[in-house]
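In order, the protein sequences belong to chains A and B. Take the first sequence: its letters are residues 571 to 982, numbered as in my numbering. Take the second sequence: its letters are residues 118 to 378, numbered as in my numbering. Below: the structure, in structure tokens.
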Amino acid sequence: MPEKRSPDKEQNPPQISDQALLEAQEAWSLAWQYMLKTGEQMVKSNNFLGRIKDKDVEIAETPADVVFEIDKVRLFRYRPLAEVRKDIPPMIICYGLFGRQTMIDLQEDRSLVRNLLMAGIDLYVVDWGNPTRADQYLNFDDYVERYLGSCVEYLYEANDKKPVNLFGICEGGTFAAMLAALRPELFAGLALAITPIDFHGDQENFWRGEGFLNSWVGNLSKDDVDLLIDTHGMLPGEMTGAVFSALTPIASMTKYNIGLARMEGNEAMMLNFLRMEKWIADRPDHPGEAARQWLNDLYRENLLVKGQFMLCGEKLDLSNITCPVLNIFAEQDHIIPVSCSKAMGNLLSDDQYEEIGFPGGHVGVFVSRKAQGVVAGGVVSWLEKRLDPLPDKKQKNEAGVKKKKSKKQIQG
Amino acid sequence: MTEKDTVEANMDQMFEVWEKGQQAFFKAQTEAMETFAKSFEGIKVEEGYPNWDSFIKSWVPDWDPNIFANKTGEFAGGFEATHNAFLAMLEPANWTQYAPEQLRVILQSIADGPKFADMATPQHEAAATWRESLDYSKAATDMGKVMQEAWIRTLGRFNEKYTVDDLKSANPEGAMNEWLKAANHELLETQRTQQFMDAQKRMIRASTEIKARQKETAEAWSAMYQMPTRTEVDDLTKTVHELRRELRTLKREVASLRGGN
Numbered sequence: 571m572p573e574k575r576s577p578d579k580e581q582n583p584p585q586i587s588d589q590a591l592l593e594a595q596e597a598w599s600l601a602w603q604y605m606l607k608t609g610e611q612m613v614k615s616n617n618f619l620g621r622i623k624d625k626d627v628e629i630a631e632t633p634a635d636v637v638f639e640i641d642k643v644r645l646f647r648y649r650p651l652a653e654v655r656k657d658i659p660p661m662i663i664c665y666g667l668f669g670r671q672t673m674i675d676l677q678e679d680r681s682l683v684r685n686l687l688m689a690g691i692d693l694y695v696v697d698w699g700n701p702t703r704a705d706q707y708l709n710f711d712d713y714v715e716r717y718l719g720s721c722v723e724y725l726y727e728a729n730d731k732k733p734v735n736l737f738g739i740c741e742g743g744t745f746a747a748m749l750a751a752l753r754p755e756l757f758a759g760l761a762l763a764i765t766p767i768d769f770h771g772d773q774e775n776f777w778r779g780e781g782f783l784n785s786w787v788g789n790l791s792k793d794d795v796d797l798l799i800d801t802h803g804m805l806p807g808e809m810t811g812a813v814f815s816a817l818t819p820i821a822s823m824t825k826y827n828i829g830l831a832r833m834e835g836n837e838a839m840m841l842n843f844l845r846m847e848k849w850i851a852d853r854p855d856h857p858g859e860a861a862r863q864w865l866n867d868l869y870r871e872n873l874l875v876k877g878q879f880m881l882c883g884e885k886l887d888l889s890n891i892t893c894p895v896l897n898i899f900a901e902q903d904h905i906i907p908v909s910c911s912k913a914m915g916n917l918l919s920d921d922q923y924e925e926i927g928f929p930g931g932h933v934g935v936f937v938s939r940k941a942q943g944v945v946a947g948g949v950v951s952w953l954e955k956r957l958d959p960l961p962d963k964k965q966k967n968e969a970g971v972k973k974k975k976s977k978k979q980i981q982g
Numbered sequence: 118m119t120e121k122d123t124v125e126a127n128m129d130q131m132f133e134v135w136e137k138g139q140q141a142f143f144k145a146q147t148e149a150m151e152t153f154a155k156s157f158e159g160i161k162v163e164e165g166y167p168n169w170d171s172f173i174k175s176w177v178p179d180w181d182p183n184i185f186a187n188k189t190g191e192f193a194g195g196f197e198a199t200h201n202a203f204l205a206m207l208e209p210a211n212w213t214q215y216a217p218e219q220l221r222v223i224l225q226s227i228a229d230g231p232k233f234a235d236m237a238t239p240q241h242e243a244a245a246t247w248r249e250s251l252d253y254s255k256a257a258t259d260m261g262k263v264m265q266e267a268w269i270r271t272l273g274r275f276n277e278k279y280t281v282d283d284l285k286s287a288n289p290e291g292a293m294n295e296w297l298k299a300a301n302h303e304l305l306e307t308q309r310t311q312q313f314m315d316a317q318k319r320m321i322r323a324s325t326e327i328k329a330r331q332k333e334t335a336e337a338w339s340a341m342y343q344m345p346t347r348t349e350v351d352d353l354t355k356t357v358h359e360l361r362r363e364l365r366t367l368k369r370e371v372a373s374l375r376g377g378n
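Here is the structure:
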């Protein structure tokens, strides 16, 4: 029942005390001061944005030369920044197709590439180029066996037909693991970072925000995915970008307002931010057929970890990998859940497998300040440990080489 | 037979035809009325006007069926309003939102109906296109509703966490941080719900269907102006892709044979 108002109450509304008025005035005054302060911060950031040009925001500046090309794919060899260590086999880094490899060389003080070069690693990086609709029929056979395989074969030949190291990142890690299972004779070691292997993961134990991508794709039907790919030909970069932004909703909504204001025009902070923005903006379209496999066969059906993923006409078995494996995952990864990456360990023997859990997010593994020593340092010490492989492991490698050689001869 | 007898006989024959015709007419009318009455069985006469009123309003919500009753003498205005209401009924944008599901079913049945060789293809396509745009509108509305509910929950959560006493502390930055924290929490929680997933799935499906329809339209335009269509270019791309793959396989076989020799 609503309270009945007495005529007196309507004629004489309650008086606001002087104290309450004072408090309200004080609150408003402070709120205004805060708004003015925020405005001032924003003006400083805007002034900086007004002064700087796009060409001033440089990423991936470490010098490198193209040493091998196949179609749009180029293999870069980085110029050494320290004396190259002959005792460590050369390494190829392979990024995925959802973003560009420039992320691993974002800026001088946040560069996996530079850190590895400074440690004396002979370093090569795969650039997938800019796939267009003309590349829509490229699938995993092409990317794993034909493109990545050709790059690794090139380096294998250049290394006097001795096994090399492969470092795969994100989707590139999945490619790398597949190639290492398909052609184990080519590899001295396989490093993976933020790489999905079990695409379903431990869903019951996901923390809030973890595994959204897995659930989201899992909720689509095969028909939904097929319609998307058939209609667009490719998986549009804008679409994947929007999905990634949705994973961190508030951070995405506030980065151009509150985020910019809080930088107060600080040059170093603004440039870091703009470099990251430049990398995010450069999001290529994912070739359609490969995207169809990625979404339907891997994300939806989880065929890789079941040993049912078809590559070059055969079911791929990741336990065919014979080289030592280092698996780096991010403990707060909102894109690739930890359990999806750590599944690699279940497929390999204990003496073959090592892992590093980095206390950060997906991209933070490469661009955060604290990651600089952890990731590159971890990889280098793992490579050094492998200089004297255990005798039984060496025998296992050689056995694997013999086995796969006969297999490749049959394939021609 | 005299001439008189002949005329009377003709008249009798004519009356007989008339009589039988009339009987047949009344019989048909009786059957029609019985059928009509059966179809209205169970409907209460007193509910007839409200039902009609509701039916009209569902199509043209702004029109007042009592316009003549309420404004005695103002027939010109009444007729104009009725005329406008009638026109409004013909404008799809005015009523599709009130009966989308029924309309969707009708459009889908037209789109899925049997195809004729020389007739009605554009009508099939138009029905399918219309159905797709309805689906998109509905999907966008549903998605908006899910997000609106998330923001309402955010407000509730913020109000629970941030009290009047906190406001008195006059720390606007603290208030904003609390708001962002509440929003982040609610949005992430919302994203995990089946309701959100399904709404987004329907949005993607509906927008992709529209994109596919645009592609068909563009293809028709390309064909009309003797330009290669997207499908033709895709076919060529696929052919080139397969040829390159065969070439690579052949090269490997040749290299393997040479190595063997």
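No residue lacks a Cβ here, since even glycine has one placed at the ideal position from N, Cα and C.
Listed along chain A, the residues sitting closer than 9 angstroms to residue 306(B) by beta-carbon distance are 778. The beta carbon of residue 675(A) is closer than 6 angstroms to those of 630, 632, 681, 683 in its chain, skipping five residues each way along the sequence.
Residue 703(A) carries a helical assignment under DSSP once its states are collapsed to helix, strand and coil. By the rule that beta-carbons nearer than 8 angstroms mark a contact, residue 900(A) does not touch chain B. Taking a C-beta cut-off of 7 angstroms against chain A, the contacting residues of the region 288-304 of chain B are 289, 290, 297, 300, 301, 304, listed in chain order. Each residue's CA atom was taken as its position, placing residue 288(B) and residue 601(A) some 8 angstroms apart. Residues of chain B whose Cβ lies closer than 9 angstroms to the Cβ of residue 789(A) are, in chain order, 311, 314, 315, 317, 318.
Taking a C-beta cut-off of 7 angstroms against chain A, the contacting residues of the region 326-355 of chain B are 328, 329, 332, 351, 354, 355, listed in chain order. For residue 767(A), no Cβ of chain B is located within less than 8 angstroms of the residue's own Cβ.
Using a Cβ-Cβ cut-off of 8 angstroms, residue 883(A) does not count as an interface residue toward chain B, since no Cβ of chain B sits closer than that to its own.
Taking 9 angstroms as the cut-off between beta carbons, none of the residues of the region 664-696 of chain A comes near chain B.
The C-beta of residue 713(A) comes no closer than 8 angstroms to any C-beta of chain B.
Shown here, residue 299(B) sits in a helix according to DSSP, grouped into three states. Residue 941(A) has its alpha-carbon roughly 16 angstroms from the corresponding atom of residue 896(A). The C-beta of residue 269(B) comes no closer than 8 angstroms to any C-beta of chain A. Within its own chain, the residues whose Cβ lies closer than 6 angstroms to the Cβ of residue 227(B), once the five positions on either side in sequence are excluded, are 244, listed in chain order. Shown here, residue 681(A) sits in a strand according to DSSP, grouped into three states.
The count of Cβ pairs closer than 8 angstroms, one atom from the region 664-674 of chain A and one from the region 602-611 of chain A, stays below three, leaving the stretches out of contact. By the 16-neighbour rule on beta-carbons within 10 angstroms, residue 621(A) is exposed. A contact is defined here as three or more CB-CB pairs under 8 angstroms, and the region 630-650 of chain A meets this definition with respect to the region 716-725 of chain A. DSSP places residue 639(A) in the strand class (E or B) of the three-state scheme. A direct Cα-to-Cα measurement between residue 802(A) and residue 315(B) gives close to 21 angstroms.
Looking at the backbone, the Cα of residue 332(B) and that of residue 845(A) are separated by about 36 angstroms. Contacts with chain A at 8 angstroms (Cβ-Cβ) include residue 322(B). A contact between stretches requires three or more CB pairs, one per stretch, nearer than 8 angstroms, and the region 795-815 of chain A meets this requirement with the region 852-864 of chain A. Minimum Cα-Cα distance from residue 693(A) among the listed residues 780(A), 767(A), 784(A), 736(A) corresponds to 736(A). The beta-carbon separation of residue 810(A) and residue 770(A), rounded to 20 angstroms, does not stay under the 8 angstroms limit for a contact. For a cut-off of 8 angstroms, the C-beta gap from residue 936(A) to residue 945(A) is around 7 angstroms, short enough to register as a contact.
For residue 764(A) and residue 592(A), the gap between their C-alpha atoms comes out near 56 angstroms.
Interface flag for residue 365(B) against chain A is set, since a Cβ pair is found closer than 8 angstroms.
Excluding sequence positions up to five before and after residue 715(A), its CB lies within less than 6 angstroms of the CB of 882, all in the same chain and listed in chain order.
One finds nothing in chain A with a Cβ atom closer than 7 angstroms to the Cβ of residue 200(B); even the nearest lies about 44 angstroms away. Between the beta-carbon of residue 759(A) and that of residue 665(A) there is about 18 angstroms, and that puts the pair past the 8 angstroms contact cut.
Beta-carbon to beta-carbon, residue 926(A) and residue 948(A) are separated by about 5 angstroms, close enough to satisfy the 8 angstroms threshold.
Look at residue 675(A) here: in three-state DSSP terms it is strand.
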